[in-house]
Amino acid sequence: TSRKLADPRLYIDKQPIKDSLVTHYKAFYEANPRSPFYIYLYARLLDDPQERLRLGEEAVKADKRSYWGHELKGEALVELKRYQEAEKSFKKAIQIDSTRYDAFVGLAVTYSAIQRPEEMVEAAVKAYDYAPYPYMVIHAYFTAQRALANTDNADLLVKLERAAFQHPTPNQEEALASLYFKAENLYKAFRKANQPDSARYYLDIMADFMAPFEVGAQSLARLDRVCLEAYLGNKELALDMLSQMVEQGFSNYGMVIENPDLATLENDPRLVELIERMRQK
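Add 72 to a position in the sequence shown, counting from 1, and you land on the number used in the numbering used here.
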């Protein structure tokens, strides 16, 4: 009777199940010692990167055209901080099969480590293109997002966030839960890139999406729009929008007082009046 293969990546941080899976996949490996795929499944669960590298080399020796052997070597080399070698291994895997996402994730992590942001984002976007489910590339996404957070590479951030936004999960509940988050990240990226029209577009998506679900979250999106207009110097529009929010029940004056984007309005009589109305609610 054949045994069903489970995906070891789903269990890698759950020690009791992981130990069982190590035994499970080791049996497959020992029964098929020249199968790069079984070597890969077993090696991915091992803690020692040197041993994973050895097994990756074993897989490549068994089949020089093994995608899994080169990808496995790349992962181990990243953990060993041998980034130039890791890049070569991942690129070799991609030459063998350019339609798998794993090696693109590895390249994104590698390029983040060696500070090559353009190639990092390109690899992350490719990973999104080929992954059957977006959660499979979340490591590449967050790695790239963190790497770009404190830089001036606004256009690259927009490219990354657009890829995440355009690849929703097929699970409806998860898609609904993540849409607001992804739209918010795109708003921030476009604002950083000084593209206010695109920033407004995604703020409107956030507000419209949350309207049927949660008034508070919708109000946060609308307040972000007020702040954006104030930041751009559109003082009257910002005050008109805030006034409409107050009329519709918004009362969180603390968020208004503490927001640096609204500092230019702090002495405006209309803002003072609106804050007082919020205090009285």
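Virtual Cβ for every residue (Gly too), placed ideally from N, Cα, C.
Span of the alpha helix (DSSP H) around residue i
i: A148; result: 139-151
i: M192; result: 189-202
i: Y173; result: Note, Y173: premise wrong, no alpha helix (DSSP H); not H, not E.
i: S315; result: 307-319
i: Q122; result: 121-134
i: M208; result: Taken as a continuous stretch (DSSP letters only), M208 belongs to no alpha helix (DSSP H), as it is neither H nor E.
i: E233; result: 226-237
i: E338; result: Where E338 is concerned, there is no enclosing alpha helix (DSSP H), given that its DSSP letter is neither H nor E.
i: P108; result: 108-115
i: I329; result: 325-330
Rounded C-alpha distance that separates residue i from residue j
i: Y114; j: Y155; result: 23 Å
i: K264; j: Y213; result: 18 Å
i: R351; j: E301; result: 23 Å
i: I277; j: T223; result: 26 Å
i: E319; j: D333; result: 21 Å
i: F162; j: A271; result: 35 Å
i: R30; j: I166; result: Only positions 73 to 353 of the chain appear in this structure, which leaves residue 30 out of reach.
i: A175; j: L346; result: 54 Å
i: N225; j: E191; result: 12 Å
i: E194; j: P206; result: 16 Å
i: K254; j: C299; result: 19 Å
i: P108; j: A261; result: 41 Å
i: M327; j: S315; result: 15 Å
i: A335; j: N324; result: 16 Å
i: P189; j: E233; result: 14 Å
i: K164; j: Q217; result: 26 Å
i: V181; j: T215; result: 6 Å
i: G321; j: A279; result: 15 Å
i: H211; j: L179; result: 11 Å
Under 9 Å between C-beta atoms of residue i and residue j
i: K153; j: V132; result: no
i: A185; j: V150; result: yes
i: I168; j: R124; result: no
i: V230; j: Q267; result: yes
i: P121; j: A148; result: yes
i: Y112; j: G141; result: yes
i: A235; j: V197; result: yes
i: N331; j: L295; result: yes
i: A293; j: L304; result: no
i: A158; j: V177; result: no
Sequence-distant residues of its chain with Cβ nearer than 7 Å to residue i (five each side left out)
i: D227; result: A265
i: Q238; result: none
i: Y139; result: A165, I168, D169, R172
i: R349; result: V318
Neighbourhood of residue i by C-beta, 8 Å cutoff - its chain only, sequence neighbours within 5 removed
i: D340; result: K307, L311
i: Q244; result: With a pLDDT of only 47 at Q244, under 50, the local geometry of the prediction cannot be trusted, and the value read off the model is given with reservation. Here the set comprises nothing.
i: L337; result: A302, K307, A310, L311, L343
Spatial neighbours of residue i in its chain, beta-carbon cut-off 6 Å, leaving aside the 5 residues before and after
i: F100; result: Y110
i: L127; result: I111, A115
Contact with chain D by residue i, beta-carbon distance below 9 Å
i: V94; result: Annotation note: the requested chain D is absent from the structure, which comprises a single protein chain.
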